[in-house]
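Engineer: Before I ask anything, let me first share the structure, which is written out below as structure tokens.
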Amino acid sequence: MGKQTMGTPIHTWATNAETKLYRLQTPATPLFRPAHYDSIGMDDFPAGTNAIVAVISYTGYDMEDAMIINKSAYERGFAAGSIYKSEFIDLKHPNSFFQRDPNQPGLNDFIDEDGLPPVGARIQPDDPLYCFFDAEQSKFCVSRYHGKEVAHVDSVRRCGDCGPRQLPRAALVLRLQRNPSVGDKFASRAGQKGICSQLWATEDLPFTESGLVPDILFNPHGFPSRMTIAMMIECMAGKAASLHGHVHDATPFRFNEKDTAINYFGRLLEAGGYDYFGTERLYSGTDGREMVADIFFGVIHYQRLRHMVSDKWQVRTMGVVDALTRQPVKGRRRGGGVRLGEMERDALLSHGAAFLLQDRLLHCSDRTETVLCTSCGTLLGPVVGGVGGVGGRHSSKQQCRLCGAGKLTTIAIPYIFNSSSRNWLPSISK
Amino acid sequence: MKLKKLANQPSLTYTSTREYSKPPKTFNPNLQCLGAPHIDSFNFMLEDGLKLAIEDLQPLDFETPTGDRVKLVIEEAGFFKPSVPTDTVGVKTTNIYPTECRQRGSTYKGEFVVKLCFTLNGKTTTFNRSLGLLPIMVKSKMCNLAEMTPEQLIKHNEHPDEWGGYFIVKGHERLARMLLVTRRNYPVAIKRSSWKMRGNLFSDYGVLVRCVKPDQTSTINVLHFIQNGTCKIMFSHRKVMYYAPLVLILKCLVDWPDHYIYRFFLHGKKDDLYYVNCIQNMLRELHDEGLHTSEQCRVYLGRMFRSRLYELPPTATDAEVANFLLSRCLLIHLTDGVDKFHTLVFMTQKLFDMVQNKCKVEGSDAVMVQELLLGGHLYLQVLKDRLQSLMTVVRFQVNKMAQNSNKLNISAHDINNIMRSFGGLEQKMETFLSTGNAPSTNVTLPQHKGLTIMVENISRMRYMSHFKSIHRGSFFMEMRTTEGRQLLPDAWGFVCPVHTPDGAPCGLLNHLTMTAQVTQVPDPKQLAAIPQALEKCGMETMKTISQTPLPQDAYTYPVLIDGRVVGHLSPSLATRAVALLRTMKVRGELPITTEIVLVPKIELCSQYAGLFLFTTEARMMRPVINLSCNQLELIGTMEQLYLDIAVSQSEVIKGKTTHLELSKSAFMSNLAQLVPMPDCNQSPR
């Protein structure tokens, strides 16, 4: 998971123009780490936070690897992060220049005189972002911010060059605040990844005898099949380290069957007045009663992964459709839909959810109304309105060209069915 | 090499002292080594590589239709540090630093100037000409950040432990991908079913050698076994493969009588009747064709290839054509015909042993027979190809001018026009680095696409792992079999078994372990000491062997240094010789990157025996502790197969174990070593 962690990729935040950078605002050094961590100076680039973890199935919101985060921890800045996005603005003509349009006083709130936004400005979606004089069209152009999230301007730069015909260029770095939210991904260093399913209020979370409330509730079902013993050892080691003010060695092959890590850290915990196995008695957050179970409780280094709901959510009722088929397009960026494929269709069918199926595949897709001849049952025959007659007679009656009968009705069918039935039978439709 | 102190315990001292806020005094060697292979190879290019490549270019020498003789030679070429144009006014410093290019979205590039020597009918004009600004590797010798202390680096907006090794192209950091290629100058025994398709009666057996010149130009030769008991050599020119009978080539190389040649073939092989018959047949076959002397063979070879080698002037004789072919396409790592002869004989013996199942097939998928294609070497090859195409453009333009006038008269202005029509190299090299697509003409590369990667800086770990990543090549991505993806035991200590992605590139995109390093070009002075040391140990040199033949019935180890047969060593002396060489290597009397491989001759069918020494660049090596002198020793991928290396002190068997691993976790990559207690997890991620 290490490769997709949000952390501290660089220190030169003010002087970079990397396309996209992820930053964790409140990182901490792990308390249980291999010697190699120090030798490659990872402390200079920390990526993760030490979380107080209780291994407990508590609210039911922690099924299938989900985890619950303490809301107060979140409010204190637990795993807060931000994304830096940079954007280069290239003007096409050498005589173009960046300037705020003097005739649009409304721009003053958003753009400085130099045509670029001020550093630190808060930009809402569709706010004016920059303004320039276009020498080709001889007029001022205003470009707007197309993102869907509120952003802050981190830095603004004009870029020069030594060439004779240089085009005006500017670099904007925008910062998007990304604090943890429901649906964001976290992982311990043992590869135990999970989604935050709730930000749970502190007062409703279980607490220990000393009043300690966990930052993260981890579901114990994550352990048996995955056998990540290292995470349990880390839990004990982290607890022991924070008790005694140490940092513990996590280099592999240092312990063995006779001298186990659990015994080593267990004894340290005992010396600190805690249970040998790292468990504690917890009191229910809802009614305050002691829970009759030993709950595994300790400190684990958690990483925040870069997969965030804000980058991935996708929702659609109506919107862009394909020009040919009139079906919704795909792709989050274009406001498209999620594919309801054959297997999903089968699932809906097997549940007998006919209305839902119709809603998904017809009403929310390419529903169209067309005329059908009820006597011969064809879509191709009916002629509506007084277009040229059948058999030479002029009439304003609606009728079918094929059977000549006039019993027409309007039905709702998929557009693609209508259009392709016309396309595939060119000889008849002519 | 001295034993370095490795951190044994993590501690909080670094973050808890006041020094934390200050820039470090020295670089962290563990981080600097990330960029080292890239920078070393680029520095080699800047200094020796470019010089060698220019010498190796085929000079332009031709006659125009008007009867004028035109000659063009590139005499010198060199880079300049990235700086603003000299006529720029109002700049604080003329240097351009990488941070500017990153912020501005431009390319970090320095001027490339060549000294051209243009001769028209004996009248020579020499002039310098810039061929544009070419991308410069960050922290190489031509970079403005080279030699800077951490504190100075911070002043120039870099990280204190910046290790460089990448190019900045249009604001993006691009890295030349390290590709696994066949080990240079070592004949590998391979069985490949596709070789059967190469011609009538071709078998799937062959001995492949990837020959690399000092300027990193490479070509592949294969000695094929034909099912009628003969051999054919494959060589390629301009991407077209040709096959020639072994003995024809041998006779072109040396002017020796048949029996003398036959004697070299028979060293230690007297009782192998099949082999003896095959050799005799091959020697006879050539006489059936009416080719008896070396001269006849050369003329024949030249005549056959004349029409294909249009870069040669029409005045060249058939023998010259043959010489050109032998020097440019056949075992190009050797310059001397006699050396080529001996190497071919060695390859033939290996081939026949393999065919008769007396030695094992090595295969090209084992890390043991692989080395790396490095960024600087790749850059050099592309640059060399571009310079050669410059020559072609000049020839074309001069011919065009000659058509328009009946007497060719080229002024300095005309030369300028010709050079302008070439357009410089700036755009071409930039495109090469930004897209990773190499020009497909003339350069022998394992692949022509995806040669560079973008160094994504999503997190620190990801950024670091790019620099140690090694790829097997895009060819294997399409292959359905898992052959190229397997982790073979000889990869221990060099390729991390943990750190490979899931999905399509699984097993093809690997990472070097923390301690594995890539060798540099050795010091030529130390190199000369190797044959002397071997002679002292009792090796019979090829010179003495050619006068007094070796006994045909007693086995002796062939001794190869970088693909050149230098002599034979009797088995009784071999172990002691190797021990001596190893001591000299550890002491630094031989290059410390020498790889000493003694493949022992045993009764069982195993790898083809011999004493192989490798000193060349781009091999993977890793440090272990040599127990006999308690010092660090670098060992190579093939070398480690024949050493007894204990993982921990408790495993040492007295009298047998010679080496000790640095640590129990030395076989893991930088990133895999950051996982806490991976030995306690079921599937370390």
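Going down the list, the protein sequences come from chains H and W.
Throughout the first sequence, residue numbering follows the working numbering, covering 1 to 430 in sequence.
Throughout the second sequence, residue numbering follows the working numbering, covering 431 to 1115 in sequence.
Even glycine gets a Cβ: it sits at the ideal position worked out from N, Cα and C.
Between which two residues does the beta strand (DSSP E) containing W/M608 stretch?
Structural biologist: Taken as a continuous stretch (DSSP letters only), the beta strand (DSSP E) holding W/M608 covers 608–612.
Engineer: Quick check: is the beta carbon of W/V812 nearer than 8 Å to any beta carbon in chain H?
Structural biologist: With 8 Å as the cut-off, W/V812 does not count as an interface residue toward chain H.
Engineer: Count the other CB atoms within 10 Å of the CB of W/T443; is the residue buried (16 or more) or exposed (fewer)?
Structural biologist: Exposed: under 16 other Cβ atoms inside 10 Å.
Engineer: Would you say H/T251 faces chain W, with C-beta separation under 8 Å as the test?
Structural biologist: At least one chain W Cβ lies under 8 Å of H/T251.
Engineer: Under a CB-based cut-off of 8 Å, is W/R1052 close to chain H?
Structural biologist: Not an interface residue.
Engineer: Would you kindly report the start and end of the unbroken alpha helix (DSSP H) that includes W/A958?
Structural biologist: Unbroken alpha helix (DSSP H) run through W/A958: 954–966.
Engineer: Using the beta-carbon of each residue, which ones in chain C are nearer than 9 Å to W/S899?
Structural biologist: Going by chain labels, chain C is absent from the structure shown, which instead holds the protein chains H and W.
Engineer: For H/Y145 and chain W, any beta-carbon pair shorter than 8 Å?
Structural biologist: False, the Cβ-Cβ gap to chain W never drops below 8 Å.
Engineer: Within 10 angstroms of its Cβ, does W/M909 collect 16 or more other Cβ (buried), or is it exposed?
Structural biologist: Under this definition W/M909 is an exposed residue.
Engineer: W/V1082 to W/N1100, Cα distance in whole Å?
Structural biologist: Answer to the nearest angstrom: the Cα atoms are 27 Å apart.
Engineer: Taking the C-alpha atoms as reference points, what is the distance between H/P128 and H/D101?
Structural biologist: Distance between the alpha carbons of H/P128 and H/D101 is about 12 Å.
Engineer: Identify the contact partners of H/F45 in chain W, using a Cβ-Cβ distance below 7 Å as the criterion.
Structural biologist: Result: R890.
Engineer: Exposed or buried, what is H/G7 when buried is set at 16 or more other beta-carbons lying within 10 Å of its beta-carbon?
Structural biologist: The residue in question, H/G7, is buried, as its Cβ has 16 or more Cβ neighbours within 10 Å.
Engineer: Note down, in chain order, each residue of its chain lying with its Cβ closer than 8 Å to the Cβ of W/E1033, except the 5 sequence neighbours on either side.
Structural biologist: Same-chain partners within the cutoff: there are none.
Engineer: For the beta strand (DSSP E) that contains H/I195, what are its first and last residues?
Structural biologist: 193–200 is the span of the beta strand (DSSP E), which, as asked, contains H/I195.
Engineer: Take W/C727 and list the residues in its own chain whose beta-carbon comes closer than 7 Å to its own, dropping the five residues that flank it on each side.
Structural biologist: These residues qualify, in order along the chain: L678, K681, C682, L721.
Engineer: Going along the region 105–128 of chain H in order, which residues come within less than 9 Å of chain W, judged by CB to CB distance?
Structural biologist: So the list is empty, because no residue satisfies the distance condition.
Engineer: H/K3 touches chain W at which residues, Cβ-Cβ below 8 Å?
Structural biologist: Ordered by position in chain W, the residues that pass the 8 Å Cβ test against H/K3 are I888, S889, M891, R892, S895, L1101.
Engineer: Taking Cβ-Cβ distances below 7 Å as the criterion, which residues of the region 222–247 of chain H are in contact with chain W?
Structural biologist: If the cut-off is 7 Å between Cβ atoms, the region 222–247 of chain H has R226, M227, T228, I229, A230, I233, E234, V247 near chain W.
Engineer: Does the region 89–97 of chain H come within contact of the region 29–42 of chain H, defined as at least 3 CB pairs closer than 8 Å?
Structural biologist: With the cut-off at 8 Å, the region 89–97 of chain H and the region 29–42 of chain H do not touch.
Engineer: Can you confirm whether H/E18, when its beta carbon is compared against all beta carbons of chain W, has any partner nearer than 8 Å?
Structural biologist: At least one chain W Cβ lies under 8 Å of H/E18.
Engineer: At which residues does the alpha helix (DSSP H) containing W/K455 begin and terminate?
Structural biologist: No alpha helix (DSSP H) contains W/K455, which DSSP labels as neither H nor E.
Engineer: Are the C-beta of H/S39 and some C-beta of chain W separated by less than 8 Å?
Structural biologist: So, interface residue.
Engineer: Closer than 8 Å, Cβ to Cβ, to anything on chain H: give me those residues from the region 440–455 of chain W, in chain order.
Structural biologist: Residues P440, S441, L442, Y444, T445.
Engineer: Assuming H/Q4 contacts H/R306 under a Cβ cut-off of 8 Å, what Cβ separation, rounded to an integer in Å, is found between them?
Structural biologist: About 5 Å; that satisfies the 8 Å criterion.
Engineer: Going along the chain, which residues of the region 515–545 of chain W sit with their C-beta nearer than 8 Å to a C-beta in chain H?
Structural biologist: Listed by position along the chain: P515, T518, T529, R532, Q533, R534, G535, S536.
Engineer: Out of W/N940, W/G933, W/P935, point me to the one whose CA is closest to W/P927's CA.
Structural biologist: The residue with the shortest Cα to Cα distance from W/P927 is W/N940.
Engineer: Tell me the rounded alpha-carbon separation between W/M572 and W/I1026.
Structural biologist: So the alpha carbons of these two residues sit roughly 34 Å apart.
Engineer: On the three-state DSSP scale, how would you describe W/H941?
Structural biologist: Three-state result, W/H941: strand.
Engineer: Tell me, please, which residues DSSP counts as bridged to W/E1025.
Structural biologist: Answer is W/F1044.
Engineer: Note down, in chain order, every chain W residue with its Cβ under 9 Å from the Cβ of H/R267.
Structural biologist: The contacting residues do not exist; H/R267 stays about 17 Å from chain W at best.
Engineer: Using the beta-carbon count (16 or more within 10 Å), is H/V247 buried or exposed?
Structural biologist: Classification of H/V247: buried, given that the 10 Å Cβ count is 16 or more.
Engineer: Can you round the beta-carbon distance between W/Y987 and W/M784 to whole angstroms, since I take them to be within the 8 Å contact cut?
Structural biologist: W/Y987 to W/M784, Cβ: 17 Å. No contact.
Engineer: Using a Cβ cut-off of 9 Å, pull out every chain W residue sitting near H/R306, in sequence order please.
Structural biologist: Within 9 Å Cβ-Cβ: I888, S889.
Engineer: Kindly say whether H/C159, judged by its beta-carbon, lies nearer than 8 Å to any beta-carbon of chain W.
Structural biologist: So, interface residue.
Engineer: If we define contact as Cβ-Cβ less than 8 Å, is H/T12 a contact residue for chain W?
Structural biologist: H/T12 counts as touching chain W.
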